[in-house]
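Top to bottom, those sequences are chains A, B and C.
Under this note's numbering, residues 1 to 304 are what the first sequence spells out, in order.
Under this note's numbering, residues 1001 to 1304 are what the second sequence spells out, in order.
Under this note's numbering, residues 2001 to 2304 are what the third sequence spells out, in order.
Note that beta-carbon positions come from the ideal geometry of N, C-alpha and C, so glycine has one too.
Please read the structure below before turning to the comments.
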Amino acid sequence: MKMFSQEHAKEKHTITEATKDVKKTPTLTMTNFDHLEKLRKRSTYVAGSCKEIRDRYNEQEDGLYYLTTANGMVYQTFCDMTTAGGGWTLVASVHENSVYGRCTVGDRWSSQQGNNAELPDGDGNWSNRNTFGAAEGATSDDFKNPGYYDVVAEDMSVWHVPNNFPLEHWNQAAILRYHTDNHFLSLYNVGSCSNRGPAIPIVYDHGDRVSTRMLYGPNPRGEFEPGFITFRAINNERAAMAICSGVKPITGCNTEHYCIGGGGYFYPDQCGDFPSFDWDRLGREQGWSASKEMTESAVLLFYR
Amino acid sequence: MKMFSQEHAKEKHTITEATKDVKKTPTLTMTNFDHLEKLRKRSTYVAGSCKEIRDRYNEQEDGLYYLTTANGMVYQTFCDMTTAGGGWTLVASVHENSVYGRCTVGDRWSSQQGNNAELPDGDGNWSNRNTFGAAEGATSDDFKNPGYYDVVAEDMSVWHVPNNFPLEHWNQAAILRYHTDNHFLSLYNVGSCSNRGPAIPIVYDHGDRVSTRMLYGPNPRGEFEPGFITFRAINNERAAMAICSGVKPITGCNTEHYCIGGGGYFYPDQCGDFPSFDWDRLGREQGWSASKEMTESAVLLFYR
Amino acid sequence: MKMFSQEHAKEKHTITEATKDVKKTPTLTMTNFDHLEKLRKRSTYVAGSCKEIRDRYNEQEDGLYYLTTANGMVYQTFCDMTTAGGGWTLVASVHENSVYGRCTVGDRWSSQQGNNAELPDGDGNWSNRNTFGAAEGATSDDFKNPGYYDVVAEDMSVWHVPNNFPLEHWNQAAILRYHTDNHFLSLYNVGSCSNRGPAIPIVYDHGDRVSTRMLYGPNPRGEFEPGFITFRAINNERAAMAICSGVKPITGCNTEHYCIGGGGYFYPDQCGDFPSFDWDRLGREQGWSASKEMTESAVLLFYR
């Protein structure tokens, strides 16, 4: 199993050494045991968000913590305790399992029901309370936890992490990391191509406006402005994308080439979590196609 | 994210106020903290059902509690502690994610393998130990927890709650709520159109025989009698539906128009969790089509 | 619900007696309560594997225990505490939900994206950190927990358990149970039909070389040698199967008839968790078809 992955192999080696040592030096056993015991102690924390954990328990270490929703549902998720003061709660990840799939299995953020004009909202997971996946699997599959609808967000942080990277390497492996800092909180209605949702300026934690622009196709580069998170962008087919990660549409209505999730119908058949990132073939530096790095990176969403 | 839903917006506002106050008045912090702490205390309860929690810990508040199966699996689910004395354990919900889908992704209670004569039992989730979903998402997706096969049920309660309503509003939002009170416990074999499973008389907690009848299409109204839960109804194509929610078939064998779940093959292509609720178009007051309210409501199943 | 299953009926009866008695004899209540309380106590254990639980807490009873990953994720899984000294952690199960499906919904170990030459790795769950399912549902659906990538395995044990058998009967119901005992740990690269992954000799806990051979079709019987677990076998279409359960390919490259999981493309259209076990019809004692028992048994994977 693990033997198929180099990075797992390394882990295995490391941990194996530890295990071997266990049999020789009880001290090392305790180290390993104490490590797990420390992590288990976090299950006693009572908090609704990573920010509350930071403030109440003065935790400053990135990692998995237990959160409780207003209804009492308990779940584990990743807390970024270091970026810009920390306290960021991972609430979701958008992972494109196959750009060849057209709203098929695994396209939970758009639709798993095919490209269907009768289902403009698709699976509706952007606004309902359905949850799926696990924190440690957030770069290998779509992930949505109760924090998505329960945590009171003042700001948002986004990490673009190459698929299948393990949690302990997310921060380093990310091709792009940014967050807002203006405490946007207002409520917006469904927009249109010309009247879309809010575009929130972002602060880059990794990457910049230039690298953001280059991560999308040559054609759309003239249609958006980097340095924003835009919500509820609408394209020519009136399909609503949930989020434009890192950019703000400024002209044209071809948002399906650089915005993700949300809709259940696109024309022509370009449905999916990353609707049309492969318009001119996957990952070619040409036409409307987004870069291979972008298409093959999961988009992790944090609240604070 | 949350900004797409009015009700979420309200929540956000409320909770946000609380959060803001946190920084000003420690008392309010404690209030919020104490609320979560109270809910977390429930994790110390040892019980196999909501009835045991009611009896052992004298809890009378609706909400999420921790249950333990005979094998020791621990899970959280919603307990209705008020209806007819309380002690009702939410064990499952049947949610039609798309009446246009024909046993496609999301039709867990029927089949996700397409309308297939070689798979008459479909996914078989009515009788196996597979589980899926989470309590807070029970109106947004199919839900089945270990209580479904572990809780010792004497009676059953059913809530029909409009899709995507949040847990704290289920009771008020339900278009229909009813339960049995005759402690039915016997075991039934697979039936036929004329020899189906048991039909248990129900007590209405919200709605009545008249409103139940009107929730289904004009044509089938003459073929069933409201005021019952019927199990294992069989239709003309020999497909077994798991439950006829609120009614008892009396004539004809067109149960696919008012019974749900269970089968993996229907003719013509009318497969799905709500097999043929859209026979004469979705939600038209005509022919065999069930009402829009019924088709767009999740069916929540409770045991006691 | 439960009423559809004989074995559930039995359970229900038993437990119901207990419940009835509860109202009469408090002693029996305590028995039932103490049983659950004992199981809940296991949640205080701090361990990364069933072996550590066996060694640290001297547990010798098969059942569900809590494990913690190196990152602190807590999960419940089944521990085999009896076979060959015990300490086996259930980390996954491969369940063929429909041999008629060709890499459709439910084929998580191969691909849910259809038989697609552009997706040779399929869903990639053999090497990523995605997780799914629950321990008690391991014979009713695919199951993968964090132990799959977190537990440090020296050896592996495999149980072939008929679909839908409840956890408490797995051991008895298994049609085949075996494990390795040579502490294989090395890392292997992707192989080819002639240069495949490792073949580890196994020790039979139930069944033997003869019964293993008979569980597969007459044609492939001459192409493999029973008594091994083989990883990363490659077939004529260059598709990599993740594991050959119980056998080692020795000639020919028709591994899709007796190896499982892994690939995302097979020719002709024979994709699925059990790729081509139904080549000459499901469960016929003919040609390349595996036996009905084998095709309709979930494959449970343990580490130690």
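Next item on the list: Could you tell me whether any non-hydrogen atom of the ligand NAP is closer than 6 Å to the CB of D2181 (chain C)?
Entry: Although the ligand NAP was asked about, the structure shown includes no ligands whatsoever.
Check: Do you know how far the Cα of L2215 (chain C) is from the Cα of D2208 (chain C)?
Finding: To locate residue 2208 (chain C), count along the third sequence from 1; it is residue 208. To locate residue 2215 (chain C), count along the third sequence from 1; it is residue 215. Roughly 11 Å between the two C-alpha positions.
Note to self: So L119 (chain A) contacts chain B; which residues on that side make the cut at Cβ distance below 8 Å?
What the structure shows: In the first sequence, residue 119 (chain A) corresponds to position 119, counting from 1. Taking a Cβ-Cβ cut-off of 8 Å, the neighbours of L119 (chain A) in chain B comprise S1098 and Y1100, given in sequence order.
Check: If we ignore side chains and look at the alpha-carbon of each, how far apart do E2257 (chain C) and E1256 (chain B) end up?
Finding: Start at 1 with the first residue of the third sequence, and residue 2257 (chain C) comes out as number 257. Start at 1 with the first residue of the second sequence, and residue 1256 (chain B) comes out as number 256. Going by the sequence as given, residue 2257 (chain C) is His instead of Glu. A direct Cα-to-Cα measurement between H2257 (chain C) and E1256 (chain B) gives close to 38 Å.
Item checked: Per-residue DSSP class, three states only, for C2271 (chain C) -> Position 271 of the third sequence holds residue 2271 (chain C). Under the three-state reduction of DSSP output, C2271 (chain C) falls in the coil class, being neither helix nor strand.
Notebook entry, point to check: What in chain C is Cβ-close to P1146 (chain B), meaning under 7 Å?
Noted result: Locating residue 1146 (chain B) in the second sequence gives position 146, counting from the first residue. Close partners of P1146 (chain B) in chain C (Cβ separation under 7 Å): E2136.
Check: Alpha carbon to alpha carbon, how far is R2102 (chain C) from G2114 (chain C)?
Finding: Stepping through the third sequence from its first residue, residue 2102 (chain C) is reached at position 102. Stepping through the third sequence from its first residue, residue 2114 (chain C) is reached at position 114. Answer to the nearest angstrom: the Cα atoms are 6 Å apart.
Notebook entry, point to check: Of the residues that make up the stretch 2140-2168 of chain C, which ones have a beta carbon closer than 7 Å to any beta carbon in chain B?
Noted result: Residues of the stretch 2140-2168 of chain C whose Cβ lies closer than 7 Å to any Cβ of chain B, in chain order: S2140, D2141, N2164, P2166, L2167 and E2168.
Margin query: By alpha-carbon positions, which one of B:D1080, B:G1222 and B:E1052 ends up nearest to F1061 (chain B)?
Written below: As a first step, residue 1061 (chain B) must be located in the second sequence, where it is residue number 61. The amino acid occupying residue 1061 (chain B) in the given sequence is Glu; Phe does not appear at that position. Nearest C-alpha to E1061 (chain B): B:D1080.
Notebook entry, point to check: Nearest CA to the CA of L119 (chain A): which residue from B:T1131, B:P1120 and B:V1099?
Noted result: As a working mapping, residue 119 (chain A) is identified with position 119 in the first sequence. Nearest of B:T1131, B:P1120 and B:V1099 to L119 (chain A), Cα basis: B:V1099.
Notebook entry, point to check: Nearest to G86 (chain A) by alpha carbon, out of A:Q112, A:E52 and A:S111?
Noted result: What you label residue 86 (chain A) is simply residue 86 of the first sequence in a count that begins at 1. Cα-wise, what sits closest to G86 (chain A) is A:E52.
Notebook entry, point to check: Do S2127 (chain C) and T2089 (chain C) have their CB atoms nearer than 7 Å?
Noted result: Along the third sequence, one-based indexing puts residue 2127 (chain C) at 127. Along the third sequence, one-based indexing puts residue 2089 (chain C) at 89. Cβ distance not < 7 Å, so S2127 (chain C) and T2089 (chain C) don't count as in contact.
Note to self: Could you tell me the alpha carbon to alpha carbon distance between G227 (chain A) and H160 (chain A), rounded to whole angstroms?
What the structure shows: Counting from 1 along the first sequence, the entry for residue 227 (chain A) is found at position 227. Counting from 1 along the first sequence, the entry for residue 160 (chain A) is found at position 160. Computed Cα separation, rounded: 14 Å.
Check: What distance in whole Å lies between the Cβ atoms of Y65 (chain A) and R42 (chain A), which are believed to be in contact at a cut-off of 8 Å?
Finding: In the first sequence, the residue the question calls residue 42 (chain A) occupies position 42. In the first sequence, the residue the question calls residue 65 (chain A) occupies position 65. Here R42 (chain A) really is in contact with Y65 (chain A); their C-beta atoms are around 5 Å apart, less than 8 Å.
Check: Is the stretch 1128-1139 of chain B close to the stretch 1271-1291 of chain B, with three or more CB pairs under 8 Å?
Finding: When C-beta atoms of the stretch 1128-1139 of chain B are compared with those of the stretch 1271-1291 of chain B, fewer than three pairs fall below 8 Å, so the two segments do not count as touching.
Notebook entry, point to check: With C-beta atoms as the reference, is D1205 (chain B) less than 7 Å away from T1083 (chain B)?
Noted result: Translated into positions along the second sequence, residue 1205 (chain B) becomes position 205. Translated into positions along the second sequence, residue 1083 (chain B) becomes position 83. D1205 (chain B) is a Cβ neighbour of T1083 (chain B), given a cutoff of 7 Å.
Notebook entry, point to check: For the stretch 2168-2178 of chain C against the stretch 2141-2158 of chain C, are there 3 or more C-beta pairs whose distance is under 8 Å?
Noted result: At 8 Å Cβ cutoff, the stretches touch.
Next item on the list: Under 8 Å between beta-carbons, which chain C residues line up against M1073 (chain B)? List them in chain order, please.
Entry: Counted from its first residue, the second sequence places residue 1073 (chain B) at position 73. Result: L2064, Q2076, A2134, A2135 and E2136.
Margin query: Quick check on this structure: which residue in C:S2245, C:N2163 and C:E2223 has the alpha carbon closest to the alpha carbon of P2201 (chain C)?
Written below: Numbered from 1 along the third sequence, position 201 holds the residue referred to as residue 2201 (chain C). It is C:S2245.
Item checked: Pairwise C-alpha distance: T68 (chain A) and R54 (chain A) -> As a working note, residue 54 (chain A) is residue 54 in the first sequence. As a working note, residue 68 (chain A) is residue 68 in the first sequence. Going from the Cα of R54 (chain A) to the Cα of T68 (chain A) covers about 15 Å.
Next item on the list: Provide the residue span of the alpha helix (DSSP H) that contains I1053 (chain B), from first to last.
Entry: For this step, residue 1053 (chain B) is matched to residue 53 along the second sequence. Where I1053 (chain B) is concerned, the enclosing alpha helix (DSSP H) stretches over C1050 to Y1057.
Margin query: Check this for me: beta carbons of P1146 (chain B) and Y1075 (chain B), under 7 Å apart or not?
Written below: By 1-based counting over the second sequence, the position of residue 1146 (chain B) is 146. By 1-based counting over the second sequence, the position of residue 1075 (chain B) is 75. In this structure, Y1075 (chain B) lies closer than 7 Å to P1146 (chain B) by Cβ.
Notebook entry, point to check: What residue range is occupied by the uninterrupted beta strand (DSSP E) comprising A1298 (chain B)?
Noted result: Against the second sequence, residue 1298 (chain B) aligns to sequence position 298. That run of the beta strand (DSSP E) goes S1297 to Y1303.
Check: Using the beta-carbon of each residue, which ones in chain C are nearer than 8 Å to G252 (chain A)?
Finding: By 1-based counting over the first sequence, the position of residue 252 (chain A) is 252. Simply none; closest approach about 29 Å.
Check: Do we get a CB-CB distance below 7 Å when we pair N2115 (chain C) with the residues of chain A?
Finding: What you label residue 2115 (chain C) is simply residue 115 of the third sequence in a count that begins at 1. Not closer than 7 Å to any Cβ of chain A, the Cβ of N2115 (chain C) fails to qualify, so no.
Notebook entry, point to check: Given T1027 (chain B), which residues of its chain have a CB within under 7 Å of its CB, disregarding the five upstream and five downstream residues?
Noted result: Numbered from its first residue, the second sequence carries residue 1027 (chain B) at position 27. For T1027 (chain B), the pLDDT reaches just 39, beneath the cut-off of 50, and the residue's location in the model is therefore unreliable, although a value from the coordinates is still provided. Once the five neighbours on either side are set aside, T1027 (chain B) has no close Cβ partner at all.
Notebook entry, point to check: According to DSSP, is A1290 (chain B) helix, strand or coil?
Noted result: As a first step, residue 1290 (chain B) is located in the second sequence; it is residue number 290 there, counting from the start. In the structure shown, A1290 (chain B) falls within a coil segment according to DSSP collapsed to helix, strand and coil.
Notebook entry, point to check: Leaving out five residues before and five after P162 (chain A) in sequence, what residues of the same chain have Cβ atoms less than 6 Å from its Cβ?
Noted result: For this step, residue 162 (chain A) is matched to residue 162 along the first sequence. Correct list, in chain order: A173 and S297.
Margin query: Taking the alpha helix (DSSP H) that M1073 (chain B) belongs to, which residues open and close that run?
Written below: Taking the second sequence and counting its residues from 1, the one referred to as residue 1073 (chain B) is at position 73. The continuous stretches of alpha helix (DSSP H) do not include M1073 (chain B), and DSSP gives it neither H nor E.
Check: What residues from the stretch 40-66 of chain A come within 9 Å of chain C, judged by C-beta to C-beta, listed N to C?
Finding: Those would be R40, R42, S43, G63, L64, Y65 and Y66, in chain order.
Margin query: What does the Cβ neighbour count give for I260 (chain A), buried or exposed, with the cut at 16 atoms within 10 Å?
Written below: Counting from one through the first sequence, the residue named residue 260 (chain A) turns up at place 260. Classified as buried, I260 (chain A) has 16 or more neighbouring CB atoms from the shown chains inside 10 Å of its CB.
Next item on the list: Kindly say whether N189 (chain A), judged by its beta-carbon, lies nearer than 7 Å to any beta-carbon of chain B.
Entry: The residue given as residue 189 (chain A) occupies position 189 in the first sequence. Summary for N189 (chain A): the model assigns pLDDT 41, below 50, so the residue's position carries little reliability, and this model does not support an answer.
Note to self: Which runs of the alpha helix (DSSP H) at least 4 residues long sit entirely within the stretch 2066-2110 of chain C? Give them in chain order.
What the structure shows: Those alpha helix (DSSP H) runs which fall completely within the stretch 2066-2110 of chain C and span 4+ residues do not exist here.
Next item on the list: Return the first residue and the last residue of the beta strand (DSSP E) that A1199 (chain B) is part of.
Entry: For this step, residue 1199 (chain B) is matched to residue 199 along the second sequence. In the DSSP annotation of this structure, the continuous segment of the beta strand (DSSP E) that includes A1199 (chain B) starts and ends at A1199 to P1201.
Note to self: Checking the sheet assignment: what are the DSSP bridge partners for I1260 (chain B)?
What the structure shows: In the second sequence, counting from the first residue as 1, residue 1260 (chain B) sits at position 260. Within the DSSP bridge table, the entry for I1260 (chain B) names B:I1243 as partners.
Notebook entry, point to check: Using a Cβ-Cβ distance under 7 Å, would T2027 (chain C) count as near chain B?
Noted result: Against the third sequence, residue 2027 (chain C) aligns to sequence position 27. Low confidence applies here, because T2027 (chain C) scores a pLDDT of 39, under 50, leaving its location unreliable and the question unanswered by this model.
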